[in-house]
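First up is the structure itself, then whatever we jot down about it.
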Amino acid sequence: APEATARDSPERQRFRAAALELFGRCVATAPRPEAVLRLRGAPTSPSGETVDTVLQRIALLCHHELLCLDLHGHDGGPWRDAGLRECAERRIRTAELALGLLATFVWQSAPWGPGGGR
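Be aware that the sequence shown starts at 55, since it is given in the working numbering, and climbs by one per residue.
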């Protein structure tokens, strides 16, 4: 069913965090970290539409996780639901990783940073 593919499952949340951890390692070891964040995927549509950069996807993901945390809270709601608390912990972890990568990009891009405003 189409709605089943759009569902945000705990596995998808863990995969997003794992992907951000991987990109964090790539950025940490890359000679030019901003180059990793500016990578662009291959167009997947037949029309050849442009694809977001890694940096754009990270910003969107961070926004998504923060919105979900705002909507659902982080303490399990009025029922103190354990499942909602676990979900919030995953979302917080993903948002922290995304914010760390965004901060790295800003630091590398700043005129006073190691990248000298490249």
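Positions of the beta carbon are idealized from the N, C-alpha and C atoms, including for glycine.
- Annotated three-state conformation of Arg-66 is helix, per DSSP.
- Excluding the 5 residues flanking it on each side, Val-108 has same chain C-beta neighbours closer than 6 Å at Leu-91 and Leu-93, in chain order.
- The alpha carbon of Glu-143 has as its nearest neighbour, out of Val-160, Phe-159 and Leu-120, the alpha carbon of Leu-120.
- Within the model, the alpha-carbon separation for Leu-125 versus Gly-154 is close to 23 Å.
- DSSP, reduced to helix, strand and coil, places Arg-94 within a strand of the structure shown.
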